Ligand code: NAD
Ligand code: ZN
């Protein structure tokens, strides 16, 4: 058996208001006056002086606002990298991603592609990156995906939705300031929060489970239950705890794997552009056969917060479209092996997946 030797985020700040330290943290990393810091900021913060006034620009530092209407594509990364290369005389001193999972993944991918040739699509997979990324910092503004701690940058490419999984992907620095999440809309809070809940269930119920993953998964799960089923938390406590749940959920899957909901939701998002958090919820509505308790508790959480989950998203799809989703889902072999076991191919057939997708 070969054990994973996985990299961790080496530096992390946690606390309400810690975002104020951004400038102080990154300044020593400036290589010279011609090597800018590039800030990738979710465009929801455009004109938001509460947040933006705390980003200090010097020399040729630049802010790029990122639309998160769609999840990041390999073509978005390639375009942005080309623009950065053409705009500046030198390699940037660092990339700072400020936003949710979409922007964090873009920041990771851009920092890798500034030092690796070709298209980002060539690096979708496991351990294909050759050169270390440039310095990159993650500042989450919504909690749940675990993208702040993970070893992957998930991108939709011409052929598949798959992460750039590599030892160079994790951030060099993360700033966890729960106050930044205070204006997240309720539905989005639930969807992205459920991503964390689903990470916990898929990790804890998976065949890859081990004591390492279990210790993080159990903590994240108990935080999720407190957050989504409890009544005692102040808003501030809830923001703090959601941020830690996201971190622990991400740590849990770092040493195990996700499962059925993720495999199927990747299919939905590849074909229909359905975003990750809500996609997981759409799938979770229908997979009680695999995670009976996890799905029952999820439904309690959904009802308590009166969240409407989209229905019939697969109505009117052609056979070809169903087949595309099934191909994407089945290609994620480690997820199925974790969920079902080594002989997963005996039970996870195209017909089984088709019947599930038809219900969604
Ligand atoms: P997101 O980044 O797409 O953001 C969701 C929405 O919330 C957007 O409309 C955004 O503008 C808004 N938002 C973010 N912060 C806000 C704030 N403070 N106030 C108001 N609105 C705010 O959503 P997400 O669920 O965080 O991330 C999903 C993405 O993360 C997907 O692309 C998915 O593939 C990826 N992902 C990555 C990993 C990983 O380990 N790398 C894990 C899971 C998911
Ligand atoms: Zn996820």
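In my numbering, the protein residues as written are 831 to 1190.
Yeah, the Cβ is synthetic: ideal placement off N, Cα and C, and Gly gets one too.
Computed from a predicted structure; not experimentally measured.
{"Item": "Enumerated in chain order, which unbroken segments of the alpha helix (DSSP H) with a length of 4 residues or greater are wholly contained in the stretch 1034-1066?", "Value": "1041-1059"}
{"Item": "Quick check: residue 1010 and residue 1160, are their CB atoms within less than 8 Å of each other?", "Value": "no"}
{"Item": "Give the straight-line distance between the Cα atoms of residue 917 and residue 894, rounded to the nearest whole angstrom.", "Value": "12 Å"}
{"Item": "Less than 7 Å between the CB of residue 935 and some heavy atom of the ligand ZN, yes or no?", "Value": "no"}
{"Item": "Excluding sequence positions up to five away, which residues of its chain have a Cβ less than 8 Å from the Cβ of residue 911?", "Value": "940, 943, 944 and 950"}
{"Item": "Rounded to the nearest angstrom, how far is the Cβ of residue 1038 from that of residue 1086, given a contact under 8 Å?", "Value": "4 Å"}
{"Item": "Using a Cβ-based criterion (distance less than 7 Å to any ligand heavy atom), does residue 1088 qualify as near the ligand ZN?", "Value": "yes"}
{"Item": "Mind checking whether the beta-carbon of residue 1013 lies closer than 7 Å to any heavy atom of the ligand ZN?", "Value": "no"}
{"Item": "Tell me whether residue 1194, by its Cβ, gets closer than 7 Å to a heavy atom of the ligand ZN.", "Value": "The structure shown does not extend to residue 1194, since the chain spans only 831 to 1190, so no value can be given for it."}
{"Item": "Within the same chain, show all residues whose beta-carbon is closer than 8 Å to that of residue 873, passing over the 5 residues directly before and after it, in chain order.", "Value": "895, 896, 897 and 898"}
{"Item": "Helix, strand or coil, according to DSSP, for residue 1132 in the structure here?", "Value": "helix"}
{"Item": "Do residue 1124 and residue 1072 have their C-beta atoms within less than 8 Å of each other?", "Value": "no"}
{"Item": "For residue 970, which residues from the same chain have a beta carbon less than 6 Å from its beta carbon, with the 5 sequence-adjacent residues on both sides left out?", "Value": "978"}
{"Item": "Please list the terminal residues of the continuous beta strand (DSSP E) segment that includes residue 968.", "Value": "966-970"}
{"Item": "Find out if the Cβ-Cβ distance for the pair residue 1036, residue 1169 is shorter than 8 Å.", "Value": "yes"}
{"Item": "Would you report the Cα separation of residue 1091 and residue 883, rounded to the nearest angstrom?", "Value": "39 Å"}
{"Item": "Determine contact between the stretch 898-908 and the stretch 837-857, defined as no fewer than three beta-carbon pairs at a distance below 8 Å.", "Value": "no"}
{"Item": "Whose C-beta lies closer than 7 Å to the C-beta of residue 840 among residues of the same chain, with five residues either side of it excluded?", "Value": "1002"}
{"Item": "Under 8 Å, with one C-beta from each stretch per pair, do the stretch 1098-1118 and the stretch 1040-1053 reach the 3-pair mark?", "Value": "no"}
{"Item": "Just checking my contact of residue 930 with residue 975 at CB under 8 Å: how many whole Å lie between their CB atoms?", "Value": "7 Å"}
{"Item": "Under 7 Å from any heavy atom of the ligand ZN, does the C-beta of residue 1142 make it?", "Value": "no"}
{"Item": "For residue 1069, is the classification buried or exposed, using 16 other Cβ atoms within 10 angstroms of its Cβ as the cut-off for buried?", "Value": "buried"}
{"Item": "Check this for me: beta carbons of residue 837 and residue 997, under 8 Å apart or not?", "Value": "yes"}
{"Item": "Below 8 Å between beta carbons: does that hold for residue 1093 and residue 980?", "Value": "no"}
{"Item": "Take residue 1021 as the anchor and find which of 937, 1135 and 987 has the nearest alpha-carbon.", "Value": "1135"}
{"Item": "Kindly provide the ranges of any alpha helix (DSSP H) runs that are 4 or more residues long and lie completely inside the stretch 930-975, ordered along the chain.", "Value": "931-943"}
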